């Protein structure tokens, strides 16, 4: 809900307008603002962290997307998730090119790409029933 106009010298980082409303708080309790001209929501005291360039998945060669951001790292996940479970963790403290635990996959055997294995592992009775319905025994 919009509240009263903020009378300080708060400027919108996008359009540099002073016409901003206080627009609630973020989880840490800091004041959030809403620009009346461009509609951008922003927090004054936070500075934007530059994201490292999005890497390519080593398995399927698609771009990865930002999955998790920590204080010392960012984690990228493959765009083809859940078919491709690759992820890449990049340490921010050592620089954007440092890679820790790169190219990890899920170690759980039920999360493989082979759909037949997942069905047989999860639903053995239903698969047998479906196989009988699809290709009935002639006799």
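In our numbering, the protein residues as written are 3 to 141.
Heads up, the beta-carbon is just placed ideally off N, CA and C, and yes, glycines get one too.
Quantities reported herein were computed from a predicted structural model and do not represent experimental measurements.
What is the rounded straight-line gap between the Cα of residue 37 and the Cα of residue 31?
Their Cα atoms are separated by approximately 19 Å.
Measuring from the CB of residue 29, is there a heavy atom of the ligand FAD at a distance below 7 Å?
Here there are no bound small molecules, and the ligand FAD is not part of this structure.
Mark residue 62 as exposed unless 16 or more other C-beta atoms lie within 10 angstroms of its C-beta, in which case mark it buried.
By the neighbour-count criterion, in which a residue is buried when 16 or more other Cβ atoms sit within 10 angstroms of its Cβ, residue 62 is exposed.
Residue range of the beta strand (DSSP E) that includes residue 68:
Start and end: 66-71.
Inter-residue spacing [alpha-carbon to alpha-carbon] between residue 83 and residue 11:
44 Å
Considering only residues of the same chain and omitting the five flanking positions on each side of residue 18, which have a CB-CB separation below 7 Å?
none
In terms of DSSP beta bridges, what is residue 16 paired with?
Bridge partners of residue 16: none, in fact.
Within this structure, are the beta carbons of residue 65 and residue 90 separated by less than 8 Å?
no
For residue 39, three-class secondary structure by DSSP:
Three-state result, residue 39: coil.
Spell out the partners DSSP gives residue 27 in its beta bridges.
33
Buried or exposed: where does residue 40 fall if 16 or more other Cβ atoms within 10 Å of its Cβ makes it buried?
exposed
Name the one or two DSSP bridge partners that residue 45 has.
Residue 45 is bridged to 34.
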